[in-house]
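These notes concern the structure reproduced below.
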Amino acid sequence: MKITVLIDNLTKGILEAEWGLSLYIDYPPYRILLDTGASDRFAKNAKRLGIDLSLVDFGVLSHAHYDHADGMGAFFAQNSQAPFYLRQGSKENCYGKRWIFRKYIGIHRGFLNTYKDRILYVTDQQELVKGVSLLGHSTEGLEAFGMQNNLYVRQGIRYLPDSFVHEQSLLLDTREGLVILSSCSHAGADNIIEEVQRAYPQKKIYAMIGGFHLYHTPETEVRALAKRIRSTGIQKIYTGHCTKEPAFQILKEELGEQAHQLYTGMEIVI
């Protein structure tokens with residue numbers, strides 16, 4: 014299996030970067046796209062890397078935020094048949110709060126209707142094909158994380174703390190064990206590992222790939238998270254995007270060779 018980072022905050026060489034994430038997964042015989050970044054830049058990078066998006070068998074949206082969903086139109090323009098799997102709770106209703114102001118940060122308005130024939134909604138736990146599954150959150154009390162990070166969903170005229178019912182992890186079964194792809198890990202990276210352990214108690218978890226949403230997190234909390242991640246027994250983490258570089262350096266100090274920095278164009282072979 015090979016995973017190629019099509020877009021991330023960091024880049025090397027001529028590939029473009031942006032605040033977003035998109036991963037192309039070659040999981041023979043399937044070709045999978047996880048997220049589409051915030052624009053068509055992921056598609057431009059795919060072309061430069063020699064990746065033909067028209068051959069993708071299916072796509073997955075990790076959660077309903079613009080920096081993972083707004084390139085969907087560019088993907089559908091290049092691929093005429095692949096379905097895109099969204100969590101059942103995905104709506105165009107996500108907001109970020111700063112002071113008294115709320116800014117829309119959700120899926121590009123209208124996408125869910127425009128592309129309704131290509132979108133499939135899944136519930137908490139579902140196998141898509143042999144070895145590839147989706148898992149929603151089972152951790153309770155995630156509204157507290159939403160409030161702490163000023164993330165909200167709009168229901169009518171009310172803004173409620175986000176409980177991340179629109180978020181899911183993509184799980185890949187490999188010879189080394191399960192690989193978790195969780196693009197922003199709003200439930201907490203350690204909690205998500207434990208969610209997977211509860212859902213698949215007979216499976217070994219090998220690695221976790223994605224953003225850990227640590228860019229506003231104090232150093233002491235990042236170090237505490239690193240210790241909790243180590244205690245799960247997971248062997249490797251590959252993280253970037255909303256982790257951001259300062260938090261990654263702390264994770265690296267704590268986890269050493271277990272921790273790897275994501276960047277646009279990176280290839281992970283497992």
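Heads up, the sequence shown is in our numbering, so the first residue is 14 and it goes up one at a time.
C-beta atoms are modelled at their ideal positions from N, C-alpha and C, and glycine is treated no differently.
Q: Counting only runs of 4+ residues fully inside the stretch 176–218, write out the alpha helix (DSSP H) ranges in chain order.
A: 202–212
Q: Could you say if the stretch 15–24 and the stretch 118–137 meet the contact criterion of at least three C-beta pairs nearer than 8 Å?
A: no
Q: May I ask you to check if the CB of H226 is nearer than 7 Å to at least one heavy atom of the ligand GTP?
A: For the structure depicted, the ligand GTP is absent and the ligand set is empty, with no information on it obtainable.
Q) Quick check: the stretch 94–102 against the stretch 192–204, are there 3 or more CB pairs under 8 Å? A) With the cut-off at 8 Å, the stretch 94–102 and the stretch 192–204 do not touch.
Q: Would you mind stating whether I222 and I16 have Cβ atoms separated by less than 8 Å?
A: Locating residue 222 in the sequence shown gives position 209, where the first residue counts as 1. Locating residue 16 in the sequence shown gives position 3, where the first residue counts as 1. Contact: yes.
Q) When the cut-off is 8 Å and only beta carbons count, does V192 lie next to chain C? A) No chain C is part of this structure, which consists of one protein chain only.
Q. So, L148 versus E208, is the Cβ gap smaller than 8 Å?
A. As a first step, residue 148 must be located in the sequence shown, where it is residue number 135. As a first step, residue 208 must be located in the sequence shown, where it is residue number 195. Cβ distance < 8 Å, so L148 and E208 count as in contact.
Q: Could you say which of C255, H254, I45 and L238 lies nearest to L264 if we only look at CA atoms?
A: The residue you call residue 264 lines up with position 251 of the sequence shown. Residue L238 is the option with its Cα nearest to L264.
Q.
Looking at G224: is its Cβ nearer than 8 Å to the Cβ of L185?
A. What you label residue 224 is simply residue 211 of the sequence shown in a count that begins at 1. What you label residue 185 is simply residue 172 of the sequence shown in a count that begins at 1. Not closer than 8 Å, so no.
Q | Where K104 sits in the DSSP three-state scheme | A | Here residue 104 is taken as the residue at index 91 of the sequence shown, counted from 1. Of the three classes helix, strand and coil, the one that applies to K104 here is coil, per DSSP.
Q. What are the start and end residues of each continuous alpha helix (DSSP H) run of 4 or more residues lying completely inside the stretch 83–131, in chain order?
A. DSSP runs (the alpha helix (DSSP H)) wholly in the stretch 83–131: 85–91 and 124–127.
Q) So, do the stretch 210–218 and the stretch 165–175 have three or more beta carbon pairs nearer to each other than 8 Å? A) Segments in contact, no.
Q: Pull up the DSSP beta-bridge partners for Q274, would you.
A: Within the sequence shown, the letter at position 261 stands for residue 274. For Q274, which the question treats as bridged, DSSP gives the partners T252.
**Q.** Continuous alpha helix (DSSP H) stretch holding I242: start and end
**A.** Locating residue 242 in the sequence shown gives position 229, counting from the first residue. Unbroken alpha helix (DSSP H) run through I242: E232 to S244.
**Q.** C-beta atoms of Y219 and A260 nearer than 8 Å
**A.** For the purposes of this step, residue 219 is taken as the residue at position 206 of the sequence shown. For the purposes of this step, residue 260 is taken as the residue at position 247 of the sequence shown. Contact: no.
Q) Any idea if H34 is buried or exposed, counting beta-carbon neighbours within 10 angstroms, 16 or more meaning buried? A) Residue mapping note: residue 34 aligns to position 21 of the sequence shown, counting from 1. Note that residue 34 corresponds to Leu in the displayed sequence, not to His. The residue in question, L34, is buried, as its Cβ has 16 or more Cβ neighbours within 10 Å.
Q.
My output table needs one value for F288: the three-state DSSP class, helix, strand or coil.
A. Residue 288 cannot be examined here, being either before or after the span of the chain that is shown, 14 to 283.
(Q) Check this for me: beta carbons of E50 and G84, under 8 Å apart or not? (A) One-based indexing of the sequence shown puts residue 50 at position 37. One-based indexing of the sequence shown puts residue 84 at position 71. Residue 50 is actually Gly in this sequence, not Glu. Yes, Cβ-Cβ distance for G50 and G84 is below 8 Å.
Q. Once you ignore the five residues that flank D70 on each side, which residues in its own chain have a CB closer than 7 Å to its CB?
A. If you number the sequence shown from 1, residue 70 lands on position 57. Closer than 7 Å at Cβ, skipping near neighbours: Y43, R44, I45 and A95.
Q: Excluding the 5 residues preceding and the 5 following S195 in the sequence, name in chain order all residues of the same chain whose CB lies nearer than 6 Å to its CB.
A: As a first step, residue 195 is located in the sequence shown; it is residue number 182 there, counting from the start. So the list reads S182, I205 and G223, once near-sequence residues are dropped.
**Q.** Span of the alpha helix (DSSP H), counted from its first residue to its last, around I263
**A.** As a working note, residue 263 is residue 250 in the sequence shown. That run of the alpha helix (DSSP H) goes K257 to L268.
(Q) At the level of alpha carbons, what is the spacing between G190 and L155? (A) Position 177 of the sequence shown holds residue 190. Position 142 of the sequence shown holds residue 155. Using only the alpha carbons, I get a separation of about 27 Å.
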